[in-house]
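Chemist: Take a look at this one; I'll ask things after.
There are 2 protein chains.
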Amino acid sequence: MSLRPTLDFLLYQWLKADSLNERDRFADHSRETFDAVMDTCERIAREKYAPFNRMIDAEEPKFDGEKVILPACTQDAHDAYVASGMLGAAQDFEMGGMQLPFTVESAANAFFGCASIGMGAGMLTTGNASLLMVHGTSMQKEVFAKNEFSGAWSGTMCLSEPQAGSSLSDVVTRAVPDGDDSATDPLGPRYRIKGNKMWISAGEHELTENIIHLVLAKIPGPDGKLIPGTKGISLFVVPKKMVNDKGQLTGERNDVALAGLNHKLGWRGTTNTMLNFGEGKYPVTSVSGGLDGQGAGAVGYLVGQPGKGLQCMFHMMNGARIAVGIGATMLGMAGYYASLDYAKGRPQGRPISAGGKDPAQPQVRIIEHADVKRMLLAQKSYCEGALALALYCARLVDEQHTGTADAADEARLLLEVLTPIAKSWPSEWCLEANSLAIQVHGGYGYTRDFPVEQYWRDNRLNMIHEGTHGIQALDLLGRKVLMENGKGLILLAARITATMKRAQLVPTLAPHAEALAQALKRVIHATQAAWSTGEPNDALANAVPYMQAFGHTVLAWIWLDVALAVLEGDAMQSVASSEGKIRATTYFYHYELPKVEAWLKVVENRDPTCAAMPEEAF
Amino acid sequence: MSLRPTLDFLLYQWLKADSLNERDRFADHSRETFDAVMDTCERIAREKYAPFNRMIDAEEPKFDGEKVILPACTQDAHDAYVASGMLGAAQDFEMGGMQLPFTVESAANAFFGCASIGMGAGMLTTGNASLLMVHGTSMQKEVFAKNEFSGAWSGTMCLSEPQAGSSLSDVVTRAVPDGDDSATDPLGPRYRIKGNKMWISAGEHELTENIIHLVLAKIPGPDGKLIPGTKGISLFVVPKKMVNDKGQLTGERNDVALAGLNHKLGWRGTTNTMLNFGEGKYPVTSVSGGLDGQGAGAVGYLVGQPGKGLQCMFHMMNGARIAVGIGATMLGMAGYYASLDYAKGRPQGRPISAGGKDPAQPQVRIIEHADVKRMLLAQKSYCEGALALALYCARLVDEQHTGTADAADEARLLLEVLTPIAKSWPSEWCLEANSLAIQVHGGYGYTRDFPVEQYWRDNRLNMIHEGTHGIQALDLLGRKVLMENGKGLILLAARITATMKRAQLVPTLAPHAEALAQALKRVIHATQAAWSTGEPNDALANAVPYMQAFGHTVLAWIWLDVALAVLEGDAMQSVASSEGKIRATTYFYHYELPKVEAWLKVVENRDPTCAAMPEEAF
């Protein structure tokens, strides 16, 4: 019942991750090197993360007026993670990386999410530096990205503002060229930045000697006004402390100031901040003066082209969305393991039988009750299914990067369609798993003496950050299933159909294949019916129920494909483990997939009940 | 959008609560006296409860080694509640009560749940004293109940033990007659009690001068052994401090000691305790000595007959279950109002239109987005529907107590069937409402700067206490729909059918009536199919999905009946308020009721997937 065998099965028995070694980029790797990475991460997670998960919740970050204080265990965990080399796992050997497939990197990082999601591993730093590797200049890669991959510095992403959460077109952070020599700064075109950024995770701390912010801001037009919409957005790299072109600290602080720490429901090990850029708290005088002649503003260096900031940022956001899905999944998994363990040890009640309960008999352990088994099996089907989907997506990322041109393009399109699901589905259903984990514990689950209530609190973030549920749904139904003439959806349908065809040949799976065929048909029909008027208001009014139905259909497909791998597999797995996966599949088909119909009714009918509700009628 | 108009509509327009005044017991009352009670409770809740809801969460109860410390606001709130007379609202005028219908009492108490559920009003004290009014001796009523109704003392219910949570047949707390004069104690047959009780809410505090525990314990048989099962359980009244037959404290402490405070996920304003009875910390020497000759044990007085303790306790538990449902509902309602308020004030994003968004236009308030309206309408339909059900049940309680013999018996049976729903349905769906309230707030909802995260934490308790979801489901499918040859279910079906028949005549409601007819048919069929083998293991394996489907069907019926009241109503309500209720009904029928089919499939098939899952396959 531990995470490792589940990961190994999915990686090798199902996804054949070891065959990636046949590709040039991964030629130096083997199952052995993959295993070594997994071993290392599993060990660090066990030793440096899991034991401190409650502590970082109880001792949330504090600002003493000068520094943000975190428990010492957080620094230890951070240092161990850095030492593992995982920050640069996917990078070239020449960059000091491991050239590890993203599939294996994702699997290895899963251990940390299971052990202590709030402690934070390197997701933001890796994502930040990886973005620079794609869109930054050589110097930006050398100075910023390299110091992030080494763990000397850490990274953030600064998108939201207090008045612009989900609506990035409304950011009002301004960036103006920083004087006459601004264009020739070796670190990139230099700007002065002023604005307030909200919800910045890891925005301030002392874990690393510097923090590299990637900041969305707008360069005013010739009239001095900001360009409305996302077209006006540019991307800047803004270090907390000024650095030179050798990647050394100059000793000067940049004008990035902590405006406040957010006090959260969960996920408390990671600071979440409001940051003021260029409010004048730390004026930077070592470089020339800004358009206002007073050197006001935080110093930032343009990344990519002006006005193309959001496209650059999406490079990081797509990765972040898959990572959020894995995080949600791992919280679900942690709750599953905790409640399974509890259910095996807790005696309570007696079996129900036709003759009635005999109170003279000893109590049985609660895992022997059907309803407790139902709650455990639901958790297993949600969490292992979500993990499989996440790794499937990670495998597509590898295909996109190292496959043939055709395969890469197919992978790209499939990822476009699957990313909203990989992010939203675990956020919703592995949260439900955490609620079931509490329920299995009874009253004990409601106390802070057991870990499950924290998992549930931590997991509630995932439907909100990196694009809310509503935003993901608009992305899915409003863009992803339509793009390139619906090619992404067509590709996905083809893969689902291929799985169905194989399953039809297996008597025990054939009924599932039939149910999946029906669900897919309904989803495709609902997609068309939603858009039949061509009016986005009609189509998108029920985007969330659509996404829920789409997600359940995708997960049903994933489970069927996993079940096929179980039945077609060699003797690698135990009988019990195989039985568990087959039953989780059955559970999903009998208890979950039928919900698809209920969700799709309103989509197909373009039901206006909600959209047309007058405000005063609430 | 405030609670009062909703309550008034349900009480008078729908349930005709004012007509209760035609009955002898309530003859001194009028709409005016009901309004005065509502006014008082609304005011106290607003002034003494709501402003302190966050404080009682942040400053949870602490034990200083001698006393349990609560914030001062809790005492203020308690005193104000006591002064309102609500503790004895339902009692006879001669007992100092108000002879208020339970329907009005429940509605008035709802304000406190909405303002601060964790502060705790008088539910346990009222329930405890009411039980004594039914099962206690005249002296027990006079001494214990009267002092509880006056608010001088408070009450608890002590059922669970560390090894016996849901399984009360396994309690091992022992009660032995307390010496030769034990049978003639004026306060009732006197026993010495030893054992540990777990999850005792309000088990220790300084809010009142005494605490009256109602304790389940077993009297050993002639062989000195405890009788297995619930048959062996008796009920005792055990005061924290010893009292005389005048209802005065004697100055001696009883041997009830705080073993520990539970540290909870939410609901922190109320202490939750583990209590040790008779461990010898406070030996009682003023009365003679117990069978072991050493006076060991807490002193308790038998209530009702030996071995009939659980039946007595159920008098309190049934009331408590409806109260839990109302509490869950009010937490949901509080979140609904908070998120509605936020959605009306928060600008973010722009309308979706066929021409695309125009970023030059100002942002709109988020209540203008279809998905936000969906989340608000879902909350409205869950919470107002649950409130209607709760008041419907409360009205049945009044019928049971003051109706004709036939009506009273019908009300009793309907309550048997509806109580598991009134408890479980709001616990599940108003919790979901709270999650949606967080979602409407976006990132802000995840911070402790807004109240919704606390509502969500507080509400998570309701699926656990007073009988878990699983226990409610076994009660429903295993007992309630079967009892007296299924008469409860037949009565309920008749009422649902009557509503349907009326709705069929209203063109806008006729499709709902048809959908409800189908759902009811499915539920009845599923009930029969589940029991078709006569084997409880088969029937009850999917008791929770059955309860979910049953609950949604009941709520659909309640909404349809409410909608009829709206359409048949006079001009009392505003057009907007009527529109809101009709749309909430439509929402429930289009978005929620279709789920019934998905849940019932496994019930009808007696699906063994979960029950047959081998332990080692998890």
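Chains A and B are the protein sequences, given in the same order.
In case it helps, the working numbering puts the first sequence at residues 603 to 1220.
In case it helps, the working numbering puts the second sequence at residues 603 to 1220.
Here a beta-carbon is modelled for each residue, glycine too, at the ideal position from N, C-alpha and C.
If Gly1182 (chain B) sits next to Ala1219 (chain A), beta carbons under 8 Å apart, how far is it from one beta carbon to the other, in whole angstroms?
Modeler: Looking up residue 1182 (chain B) in the second sequence gives position 580. Looking up residue 1219 (chain A) in the first sequence gives position 617. Indeed they touch by this definition, with Cβ atoms about 4 Å apart.
Chemist: Would you say Tyr1057 (chain A) reaches chain B, if we count a Cβ-Cβ gap shorter than 8 Å as a contact?
Modeler: Here residue 1057 (chain A) is taken as the residue at index 455 of the first sequence, counted from 1. For Tyr1057 (chain A), the answer is no, since every Cβ of chain B falls outside 8 Å of its Cβ.
Chemist: Going by beta carbon distance, what residues of the same chain come within less than 8 Å of Glu744 (chain B), once the five residues before and after it are set aside?
Modeler: Residue 744 (chain B) sits at position 142 when you count from the first residue of the second sequence. Result list for Glu744 (chain B): Gly849, in chain order.
Chemist: So with Cβ pairs under 8 Å, would you call Gly1200 (chain B) a contact of chain A?
Modeler: The residue labelled residue 1200 (chain B) in the question sits at position 598 within the second sequence. What sits at residue 1200 (chain B) in the sequence shown is Ala, not Gly. Taking Cβ atoms only, chain A reaches closer than 8 Å to Ala1200 (chain B), which makes this a yes.
Chemist: Establish whether the CB of Ala972 (chain B) and some CB of chain A are separated by less than 8 Å.
Modeler: Mapped onto the second sequence, residue 972 (chain B) falls at position 370. It does; some Cβ of chain A falls within 8 Å.
Chemist: Tell me whether Cys675 (chain B) sits in a helix, a strand or coil according to DSSP, three-state version.
Modeler: For the purposes of this step, residue 675 (chain B) is taken as residue 73 along the second sequence, with counting starting at 1. If DSSP states are grouped into helix, strand and coil, Cys675 (chain B) belongs with the helices.
Chemist: Just to confirm the assignment: which complete alpha helix (DSSP H) runs, minimum length 4, are found wholly within the segment 1038-1124 of chain B?
Modeler: With a minimum length of 4 residues, the continuous alpha helix (DSSP H) runs that stay inside the segment 1038-1124 of chain B are 1054-1061, 1071-1077 and 1085-1106.
Chemist: Can you list, in chain order, the residues of its chain with a C-beta nearer than 7 Å to that of Ser888 (chain B)? Leave out the 5 residues immediately preceding and following it.
Modeler: Here residue 888 (chain B) is taken as the residue at index 286 of the second sequence, counted from 1. For Ser888 (chain B), where only same-chain residues beyond five positions count, the Cβ hits under 7 Å are Met844, Thr852 and Glu854.
Chemist: Short check: CB of Trp1133 (chain B) to CB of Ala1141 (chain B), under 8 Å?
Modeler: Start at 1 with the first residue of the second sequence, and residue 1133 (chain B) comes out as number 531. Start at 1 with the first residue of the second sequence, and residue 1141 (chain B) comes out as number 539. A contact, by the Cβ cut-off of 8 Å.
Chemist: Hey, is Cys1212 (chain B)'s beta-carbon within less than 8 Å of any beta-carbon in chain A?
Modeler: Position 610 of the second sequence, counted from the first residue, corresponds to residue 1212 (chain B). Chain A, which has a Cβ nearer than 8 Å to the Cβ of Cys1212 (chain B), makes this yes.
Chemist: Given Gly753 (chain A), which residues of its chain have a CB within under 6 Å of its CB, disregarding the five upstream and five downstream residues?
Modeler: Position 151 of the first sequence, counted from the first residue, corresponds to residue 753 (chain A). Once the five neighbours on either side are set aside, the close Cβ partners of Gly753 (chain A) are Val684 and Leu689.
Chemist: Distance cutoff 8 Å, beta carbons only. Does Ser836 (chain A) sit that close to anything in chain B?
Modeler: The residue you call residue 836 (chain A) lines up with position 234 of the first sequence. Judged by the 8 Å Cβ criterion, Ser836 (chain A) is not in contact with chain B.
Chemist: Quick check for students: name the residue ranges of the beta strand (DSSP E) that lie wholly in the segment 785-852 of chain B, counting only runs of 3 or more.
Modeler: If we require 3 residues or more, the beta strand (DSSP E) runs fully inside the segment 785-852 of chain B come out as 792-803, 812-820, 835-841 and 843-845.
Chemist: Please list the segments of the alpha helix (DSSP H) lying wholly inside the segment 1120-1196 of chain A, counting only runs of 4 or more residues, in order along the chain.
Modeler: Taking only runs of at least 4 residues, the alpha helix (DSSP H) segments lying wholly in the segment 1120-1196 of chain A are 1138-1142, 1145-1170 and 1177-1189.
Chemist: Count the other CB atoms, across all protein chains shown, that sit within 10 Å of the CB of Val736 (chain B); report buried if there are 16 or more and exposed otherwise.
Modeler: In the second sequence, residue 736 (chain B) corresponds to position 134, counting from 1. It is exposed - the Cβ of Val736 (chain B) has fewer than 16 other Cβ atoms within 10 Å.
Chemist: For Leu734 (chain B) and Ala898 (chain B), what's the separation of their Cα atoms in angstroms?
Modeler: For the purposes of this step, residue 734 (chain B) is identified with residue 132 of the second sequence, where counting begins at 1. For the purposes of this step, residue 898 (chain B) is identified with residue 296 of the second sequence, where counting begins at 1. One C-alpha to the other measures close to 26 Å.
Chemist: Chain B beta carbons: is any one of them nearer than 8 Å to that of Leu933 (chain A)?
Modeler: Position 331 of the first sequence, counted from the first residue, corresponds to residue 933 (chain A). Chain B, which has no Cβ nearer than 8 Å to the Cβ of Leu933 (chain A), makes this no.
Chemist: If you count every other CB in all the chains shown that lies within 10 Å of the CB of His1192 (chain A), and 16 or more means buried, which is it?
Modeler: In the first sequence, residue 1192 (chain A) corresponds to position 590, counting from 1. When all chains shown are included, His1192 (chain A) counts as buried.
Chemist: Can you look up Glu644 (chain A) in the DSSP assignment and give me helix, strand or coil?
Modeler: Numbered from 1 along the first sequence, position 42 holds the residue referred to as residue 644 (chain A). Of the three classes helix, strand and coil, the one that applies to Glu644 (chain A) here is helix, per DSSP.
Chemist: Can you list, in chain order, the residues of its chain whose CB lies under 7 Å from that of Val886 (chain A), leaving out five sequence neighbours each side?
Modeler: The count along the first sequence starts at 1 and reaches residue 886 (chain A) at position 284. Excluding positions up to five away in sequence, the list reads Met844, Glu854, Asn856, Asp857, Gly897 and Val901.
Chemist: So what does Gly902 (chain B) bridge to, in DSSP terms?
Modeler: Numbered from 1 along the second sequence, position 300 holds the residue referred to as residue 902 (chain B). B:Tyr793, per the DSSP bridge assignment.
Chemist: What residue does the beta strand (DSSP E) around Ala922 (chain B) start on, and which one ends it?
Modeler: Your numbering for residue 922 (chain B) matches position 320 in the second sequence. Premise fails: Ala922 (chain B) lies in the alpha helix (DSSP H), Gly911 to Gly947, not in any beta strand (DSSP E).
Chemist: Looking only at C-alpha atoms, which of B:Leu809, B:Gly720 and B:Ala1151 sits nearest to Arg544 (chain B)?
Modeler: Since the displayed chain B opens at 603 and closes at 1220, residue 544 (chain B) lies outside it and no answer follows.
Chemist: What does the alpha-carbon distance come out to for the pair Ile795 (chain A) and Asp1051 (chain B)?
Modeler: Within the first sequence, residue 795 (chain A) is the residue found at index 193, counting from 1. Within the second sequence, residue 1051 (chain B) is the residue found at index 449, counting from 1. Taking the straight line from one Cα to the other gives about 28 Å.
Chemist: When you compare the CB positions of Val1205 (chain A) and Ala1128 (chain A), do they come within less than 8 Å of one another, or not?
Modeler: For the purposes of this step, residue 1205 (chain A) is identified with residue 603 of the first sequence, where counting begins at 1. For the purposes of this step, residue 1128 (chain A) is identified with residue 526 of the first sequence, where counting begins at 1. Yes, Cβ-Cβ distance for Val1205 (chain A) and Ala1128 (chain A) is below 8 Å.
Chemist: Helix, strand or coil for Thr873 (chain A)? Go by DSSP, reduced to three states.
Modeler: On the first sequence, position 271 is the one that residue 873 (chain A) refers to. Looking at Thr873 (chain A) - three-state DSSP - the assignment turns out to be coil, as it is neither helix nor strand.
Chemist: Is any beta-carbon of chain A found at less than 8 Å from that of Arg1062 (chain B)?
Modeler: In the second sequence, the residue the question calls residue 1062 (chain B) occupies position 460. Answer yes: the Cβ-Cβ gap between Arg1062 (chain B) and chain A drops below 8 Å somewhere.
Chemist: Ends of the beta strand (DSSP E) at Thr758 (chain A)?
Modeler: Counting from one through the first sequence, the residue named residue 758 (chain A) turns up at place 156. Looking at the DSSP string, the run of the beta strand (DSSP E) that includes Thr758 (chain A) is Trp755 to Cys760.
Chemist: Starting from Lys975 (chain B), find everything on chain A with Cβ-Cβ shorter than 7 Å and list it in chain order.
Modeler: Counting from 1 along the second sequence, the entry for residue 975 (chain B) is found at position 373. Those are Cys1212, Ala1213 and Met1215, listed as they occur along chain A.
Chemist: Would you please verify whether the beta carbon of Glu1181 (chain A) is less than 8 Å from any beta carbon of chain B?
Modeler: Within the first sequence, numbered from 1, the residue matching residue 1181 (chain A) stands at position 579. True, the Cβ-Cβ gap to chain B drops below 8 Å.
Chemist: Thinking C-alpha only, which one of A:Leu1020, A:Leu1091 and A:Leu978 is nearest Val1042 (chain A)?
Modeler: The sequence position of residue 1042 (chain A) within the first sequence is 440, counting from 1. The shortest C-alpha separation from Val1042 (chain A) is found at A:Leu978.
Chemist: Going by DSSP, name the residue or residues bridged to Lys866 (chain A).
Modeler: Your numbering for residue 866 (chain A) matches position 264 in the first sequence. B:Thr1049, per the DSSP bridge assignment.
Chemist: Consult DSSP for Glu854 (chain B) and reduce its assignment to one of helix, strand or coil.
Modeler: Sequence index remark: in the second sequence, residue 854 (chain B) carries index 252 (1-based). Here Glu854 (chain B) sits in strand by DSSP.
Chemist: Taking Ala777 (chain B) as part of the alpha helix (DSSP H), name the residues at either end of that continuous run.
Modeler: By one-based count along the second sequence, residue 777 (chain B) stands at place 175. From DSSP, Ala777 (chain B) is part of no alpha helix (DSSP H) but of the beta strand (DSSP E) over Arg776 to Pro779.
Chemist: With 16 other CB atoms within 10 Å as the buried threshold, where does Val1177 (chain A) fall?
Modeler: On the first sequence, residue 1177 (chain A) is found 575 positions in, with the first residue counted as 1. Exposed.
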